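S.K.: Mapping of the sequence shown onto the working numbering: residues 6 to 161, in sequence order.
Ideal placement from N, C-alpha and C gives every residue a C-beta, glycine not left out.
Everything numeric in this text was worked out from a predicted model, so none of it was measured.
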Amino acid sequence: MIIVMKLDDRMRVFRERCLEAGLAVTHQRSVIYRELALSAEHPSPEAVYERVKHQIPAISLATVYKSIRTFADLGLVREVNPFSEAQRWDANVEPHHHLICTLCKSVQDIPEEAVAPVQFRAPLPEKFRVQRLSVEVLGLCAACAAADRATTTAAT
């Protein structure tokens, strides 16, 4: 089961981590983090920018990028980069894995326990220390699979 913190709890942790790091809890940082915390879509910085510029018209894309990188440094978000094309960010930092659609690029969370424990069959390189293990399952989401079936049926 994926543990999903309530928005109020995420915002409380956000404020605590900023203060512990000596960072001001600014309106811009709060709005950017709130958008990340509200999204289940694992948005890119550009998508976050499109959402927050309506609330803060003077904000720049560079500010969004810098803020998200700061959040990552604080352990508030983690990067999900299924295709190494564009940055995607996840405010759910609890252990979990991802289902990634190879057509529309959607990313969905799946519980950690939905994946059998990963075991290495060969020893890892000497002195390599695993910090986090992430499983990314590539395939077609329901909408893309239905469209693919419709296209395949129409072509026959």
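(1) Excluding the five sequence neighbours on either side, which residues of its own chain have a C-beta within less than 6 Å of the C-beta of residue 107, listed in chain order?
(2) Could you spell out the range, first to last residue, of the alpha helix (DSSP H) harbouring residue 23?
(3) Enumerate in chain order the residues of its own chain whose CB-to-CB distance from residue 104 is below 6 Å, with the five nearest sequence positions on each side excluded.
(4) Taking the alpha-carbon positions, what's the residue 83 to residue 57 distance?
(5) If you run the structure through DSSP and keep just helix, strand and coil, what is residue 102?
(6) Measure the beta-carbon distance from residue 22 to residue 66 and round it to whole angstroms, keeping in mind my assumption that it falls under 8 Å.
M.R.: So, from the data block:
(1) Here the question's residue 107 lines up with position 102 in the sequence shown. Closer than 6 Å at the Cβ level, and outside the excluded window around residue 107, lie 143.
(2) What you label residue 23 is simply residue 18 of the sequence shown in a count that begins at 1. Note, residue 23: alpha helix (DSSP H), 12-25.
(3) Taking the first residue of the sequence shown as 1, we reach residue 104 at position 99. Cβ neighbours of residue 104 beyond the five flanking positions: 113, 115, 142.
(4) Start at 1 with the first residue of the sequence shown, and residue 83 comes out as number 78. Start at 1 with the first residue of the sequence shown, and residue 57 comes out as number 52. The alpha-carbon atoms of residue 83 and residue 57 are separated by roughly 19 Å.
(5) By one-based count along the sequence shown, residue 102 stands at place 97. The answer is strand: DSSP assigns residue 102 an E or B state.
(6) Mapped onto the sequence shown, residue 22 falls at position 17. Mapped onto the sequence shown, residue 66 falls at position 61. About 23 Å separates the beta carbon of residue 22 from that of residue 66, a gap too long to meet the 8 Å contact definition.
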